[in-house]
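Numbering (this note's numbering), first residue to last: 2 to 267. Quick notes on the structure that follows.
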Ligand code: OAD
């Protein structure tokens, strides 16, 4: 793990050269916005609950009120925070790469495990939500989806007009990932030449295995994370640091490369 300027400069060079970039993000990218990561201990109201146990179909079936309240609390918290410089840098990276390669296959795909919608709020457009989103909910009886904005959370759990319980359109432990999200991820990985894993502990499959698919496709692999993970020793470059600092730094270096200016140490 390193934050040394040479490694950051080298990765900026790879980004500058890349024709197709895939970025996988996790909860760490939203941490600097003030949202707790999955494996950080919760604070306040939910401190006594283990997120791993609440994010399951079993928990919802046993106690739909508790699980619905938890997701509503998480949504309320995410609504009250703003995207941070890490989200902003990824949105800018997408715009930059799209401008360099207009038409043809998209040169940038953001695959996120986050369900908070902060990437989209920062301006990212091509976002694959691997674990769904808590902005959409569906009736467990009819399967009909509704935007969260169209639901009333005056009573918990929320019951649909058809009398079914409403659940968030997120992937719970033990559930399969949305096939269209997996397909979009595999498509992007098959043609990617640079893969960045940012702010994820890389412990939950299949997301954690995407890096292997990128490597098999011949891509360079990079990790940007606050702490070492299972991938740290296997990637081509590991940058230890906060995504809200490292990503803007990489963008600055790319700007310098694009303008031909000498890279400065930061
Ligand atoms: P985790 O909570 O497992 O990991 C977050 C990672 O981000 C950790 O490795 C932290 O060290 C790192 N981190 C924290 N703050 C950071 C920062 N500012 N900059 C960079 N890195 C930082 O979250 P995920 O990997 O997203 O799944 O978890 C994956 C999935 O497991 C989640 O989507 C969720 C969860 O259980 C489901 O709900 C299905």
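For glycine and all other residues, C-beta sits at the position ideal for the given N, C-alpha and C. Please read these numbers as outputs of a predicted model, since none were measured by experiment.
Margin query: Check for me: the alpha helix (DSSP H) holding residue 168 runs from which residue to which?
Written below: No alpha helix (DSSP H) holds residue 168; the beta strand (DSSP E) holding it covers 167-171.
Checklist line | Residues that residue 139 bridges to, as DSSP identifies them | finding: 146 and 168
Notebook entry, point to check: Does DSSP put residue 48 in a helix, in a strand, or in coil?
Noted result: coil
Item checked: Limits of the unbroken beta strand (DSSP E) element including residue 112 -> 109-113
Next item on the list: Kindly indicate which three-state DSSP category residue 177 falls into: helix, strand or coil?
Entry: coil
Margin query: Considering only their Cβ atoms, is the gap separating residue 99 from residue 108 smaller than 8 Å?
Written below: yes
Next item on the list: Report whether the distance from the Cβ of residue 24 to the nearest heavy atom of the ligand OAD is below 7 Å.
Entry: no
Margin query: Just verifying my parser: in three-state terms, what is the DSSP assignment at residue 268?
Written below: Absent from the structure is residue 268, since the part of the chain shown begins at 2 and ends at 267.
Margin query: Under 8 Å, Cβ to Cβ, is there at least one residue of chain E near residue 41?
Written below: The structure shown contains no chain E; it holds only a single protein chain.
Check: Does the distance from the C-beta atom of residue 222 to that of residue 237 stay below 8 Å?
Finding: yes
Margin query: residue 139 and residue 168 - do their beta-carbons sit closer together than 8 Å?
Written below: yes
Notebook entry, point to check: Which residues in the same chain as residue 39 place their Cβ atom closer than 6 Å to its Cβ, once the five residues preceding and following it in sequence are excluded?
Noted result: 28 and 52
Item checked: Cβ neighbours of residue 25 in the same chain (closer than 6 Å, five flanking residues each side left out) -> 112, 198 and 211
Checklist line | Alpha carbon of residue 250 to alpha carbon of residue 9, nearest angstrom | finding: 8 Å
Check: With a CB to CB cut of under 6 Å and the five nearest residues on each side skipped, what residues in its chain are close to residue 147?
Finding: 138
Next item on the list: Whole angstroms is fine: what's the gap from residue 95's alpha carbon to residue 126's?
Entry: 8 Å
Check: Does DSSP classify residue 241 as helix, strand or coil?
Finding: strand
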